[in-house]
Amino acid sequence: MSNLSYIDDSNGAWQTYLAQVDRVAPYLDHLEEYIDTLKRPKRALIVDVPIVMDDGSIRHFEGYRVQHNLSRGPGKGGIRYHPDVDLNEVMGLSAWMTIKTAVMNLPFGGAKGGVRVDPRTLSARELERLTRRYTSEISHIIGPQKDIPAPDVGTNPRVMGWIMDTYSSGQGHTVMGVVTGKPIHLGGSLGRVKATGRGVFITGQQVAEKIQLPLKDAKVAVQGFGNVGSEAAYLFADAQSKIVAIQDHTGTVHNPEGMDVEALKLHLEQHQGVAGFAGAKEISNDEFWLVDMDILIPAALEGQITPERAQNLTAKLVLEGANGPTYPAAEDILLERGVTIVPDVICNAGGVTVSYFEWVQGMANFFWSEEEVNQRLDALMIKAIHDVWQTAEDKVCSLRTAAYILACDRILKARQDRGIFPG
Ligand code: NAD
Numbered sequence: 001m002s003n004l005s006y007i008d009d010s011n012g013a014w015q016t017y018l019a020q021v022d023r024v025a026p027y028l029d030h031l032e033e034y035i036d037t038l039k040r041p042k043r044a045l046i047v048d049v050p051i052v053m054d055d056g057s058i059r060h061f062e063g064y065r066v067q068h069n070l071s072r073g074p075g076k077g078g079i080r081y082h083p084d085v086d087l088n089e090v091m092g093l094s095a096w097m098t099i100k101t102a103v104m105n106l107p108f109g110g111a112k113g114g115v116r117v118d119p120r121t122l123s124a125r126e127l128e129r130l131t132r133r134y135t136s137e138i139s140h141i142i143g144p145q146k147d148i149p150a151p152d153v154g155t156n157p158r159v160m161g162w163i164m165d166t167y168s169s170g171q172g173h174t175v176m177g178v179v180t181g182k183p184i185h186l187g188g189s190l191g192r193v194k195a196t197g198r199g200v201f202i203t204g205q206q207v208a209e210k211i212q213l214p215l216k217d218a219k220v221a222v223q224g225f226g227n228v229g230s231e232a233a234y235l236f237a238d239a240q241s242k243i244v245a246i247q248d249h250t251g252t253v254h255n256p257e258g259m260d261v262e263a264l265k266l267h268l269e270q271h272q273g274v275a276g277f278a279g280a281k282e283i284s285n286d287e288f289w290l291v292d293m294d295i296l297i298p299a300a301l302e303g304q305i306t307p308e309r310a311q312n313l314t315a316k317l318v319l320e321g322a323n324g325p326t327y328p329a330a331e332d333i334l335l336e337r338g339v340t341i342v343p344d345v346i347c348n349a350g351g352v353t354v355s356y357f358e359w360v361q362g363m364a365n366f367f368w369s370e371e372e373v374n375q376r377l378d379a380l381m382i383k384a385i386h387d388v389w390q391t392a393e394d395k396v397c398s399l400r401t402a403a404y405i406l407a408c409d410r411i412l413k414a415r416q417d418r419g420i421f422p423g
């Protein structure tokens with residue numbers, strides 16, 4: 001439960017994160033004395049983002065940047081444009097970044113940002129003005145050695161390019177390292193766009209082998225068909241799994257024989273959503289959760305797997321492409337039912353890992369081939385998931401708690417050794 005005056009005790013991302021931290025506490029030995037440092041963000045900035053709309057009117061949007069923990073290095077985390085963004089959500093997402101960078105042993109802390117806006121309702125010019133004003137408002141706390149944003153839901157490489165340009169204008173010179181996920185011709189890394197979906201597949205492949213679930217003919221259901229969900233689906237289809245159901249913001253499509261993902265890709269280019277895809281039947285959004293499936297990939301938003309949905313889910317393996325898709329009470333039901341959950345903090349860490357590679361390549365001004373990026377990504381993800389699996393076996397706990405044990409040990413040792421200023 002939160003004891004911060006500016007957060008109410010609702011059922012949001014921050015509360016889910018706090019419940020996860022409480023579960024790891026008994027495993028931390030003497031480091032537990034520092035655990036309060038994880039239960040509050042180091043810094044939370046709320047900004048007003050006024051912009052002139054194309055019709056000459058002025059609208060104000062609410063923006064945030066939260067730096068949850070910087071004990072292990074600069075803040076790292078995406079920027080979300082979505083109408084439901086609020087402080088509670090951004091705090092939860094920033095905290096998961098702290099855990100994620102630590103599980104992957106990347107030299108970063110955790111941060112996240114967001115603007116409460118539906119980007120689909122803005123013109124390209126309005127979106128650019130919003131991005132530039134938001135960047136200007138948070139520019140005093142971001143920077144290549146302070147806090148490095150990246151894309152998340154509703155933002156993309158183009159938005160990252162505007163952030164880089166706006167920040168650079170303020171500094172008087174080009175600062176490539178202030179954001180990752182940039183377009184390739186502006187210092188982006190090859191392999192970054194597909195990295196999160198690739199990481200979902202790699203961790204899924206490793207764990208499927210451990211639980212003896214063959215990927216060939218495995219029935220896979222995917223919620224969210226954006227950056228993360230679509231790439232994960234393509235890779236599972238390549239491995240001869242059957243993509244039996246997909247849900248996005250336009251609806252849900254189902255084909256028990258598996259969908260032709262190439263045809264679906266073409267449909268999406270024309271229709272901006274899965275609804276109406278000829279190679280599958282449309283079902284209701286509620287029916288998605290009851291489909292016969294072996295693997296579920298939630299890759300949309302948090303809070304999707306509720307206790308009611310968990311009760312009836314047929315999946316044997318859940319791969320958390322999204323951040324925070326599973327409520328703690330739903331996780332208990334799934335674990336009780338023998339379902340394996342690969343938690344977000346490792347499952348979707350491919351994106352931040354290649355963001356780290358982008359930051360490193362930018363610092364060195366020396367860029368790698370896509371093959372090299374993918375090889376390094378696969379190696380780090382395979383090592384991390386095996387470490388998490390081993391810890392879960394040693395401590396007899398869930399994969400999520402095991403990931404938190406590894407991460408919290410690294411974060412709290414850093415906190416212990418840095419001490420408290422001024423002492
Ligand atoms: P995106 O904007 O590219 O795609 C989001 C997808 O979710 C879209 O297909 C959209 O239609 C769908 N969606 C939105 N609302 C929905 C709803 N109510 N029901 C069903 N579907 C809905 O975003 P993304 O980058 O793919 O991110 C998806 C998730 O993965 C988020 O939780 C994000 O935090 C997480 N994530 C993303 C990255 C990354 O590198 N992009 C990295 C780590 C984690």
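The sequence shown runs 1 to 423 under full-length UniProt numbering. Glycine included, every Cβ here is placed at the ideal spot set by N, Cα and C.
Residues sharing a beta bridge with residue i, DSSP
i: residue 69; result: 110
i: residue 81; result: 115
i: residue 61; result: 49
i: residue 247; result: 223, 252
i: residue 283; result: 252
i: residue 342; result: 319
i: residue 75; result: 147
i: residue 44; result: 66
i: residue 242; result: 219
i: residue 326; result: 305
Start-to-end residues for the alpha helix (DSSP H) that takes in residue i
i: residue 371; result: 370-395
i: residue 194; result: 192-210
i: residue 180; result: No alpha helix (DSSP H) holds residue 180; DSSP gives it neither H nor E.
i: residue 271; result: 261-271
i: residue 424; result: Absent from the structure is residue 424, since the part of the chain shown begins at 1 and ends at 423.
i: residue 169; result: 157-171
i: residue 357; result: 350-364
i: residue 189; result: Per DSSP, residue 189 belongs to no alpha helix (DSSP H) and is neither H nor E.
i: residue 404; result: 399-418
i: residue 93; result: 87-103
i: residue 22; result: 13-24
Check: residue i C-beta below 7 Å from any heavy atom of the ligand NAD
i: residue 196; result: yes
i: residue 374; result: no
i: residue 77; result: no
i: residue 343; result: no
i: residue 68; result: no
i: residue 286; result: no
i: residue 92; result: no
i: residue 74; result: no
i: residue 152; result: yes
i: residue 85; result: no
i: residue 322; result: yes
i: residue 275; result: no
i: residue 249; result: yes
i: residue 300; result: yes
i: residue 223; result: yes
i: residue 228; result: yes
i: residue 425; result: No statement about residue 425 is possible, as the shown extent of the chain runs from 1 to 423 and does not include it.
i: residue 351; result: yes
i: residue 11; result: no
i: residue 348; result: yes
Unbroken beta strand (DSSP E) run spanning residue i, endpoints
i: residue 254; result: 251-254
i: residue 151; result: 147-151
i: residue 297; result: 295-298
Cutoff 8 Å: residue i Cβ touching any chain C Cβ
i: residue 89; result: This model lacks chain C altogether; it includes just one protein chain.
With three or more C-beta pairs closer than 8 Å as the rule, is the stretch 89-96 touching the stretch 158-166? no
Quick one: any contact between the stretch 334-347 and the stretch 250-259, if contact means 3 or more CB pairs under 8 Å? Counting C-beta pairs closer than 8 Å gives fewer than three between the stretch 334-347 and the stretch 250-259, which falls short of the contact rule.
Does the stretch 407-420 come within contact of the stretch 27-37, defined as at least 3 CB pairs closer than 8 Å? yes
Would the stretch 300-313 and the stretch 323-332 be scored as touching if the rule is three or more Cβ pairs under 8 Å? yes
Would you call the stretch 232-244 in contact with the stretch 355-374, where contact means no fewer than 3 C-beta pairs closer than 8 Å? Cβ pair count under 8 Å is below three, so no.
contact_flag[the stretch 166-178, the stretch 311-325] where n(CB pairs < 8 Å) is 3 or more: no
Do the stretch 42-57 and the stretch 128-148 touch if we need at least three Cβ pairs shorter than 8 Å? yes
Decide yes or no for the touch test of the stretch 65-76 against the stretch 142-150: beta carbon pairs closer than 8 Å, at least 3 of them. yes
For the stretch 263-281 against the stretch 238-252, do three or more pairs of beta-carbon atoms, one drawn from each stretch, fall closer than 8 Å, so that the two count as touching? In short, these stretches touch, since the Cβ pair count reaches three.
Does the contact criterion of 3 or more C-beta pairs under 8 Å hold for the stretch 3-15 versus the stretch 380-395? no
Using 8 Å as the Cβ pair cut-off and three pairs as the minimum, do the stretch 331-339 and the stretch 255-265 touch? no
For the 8 Å Cβ check, are there 3 or more pairs between the stretch 364-374 and the stretch 207-227? no
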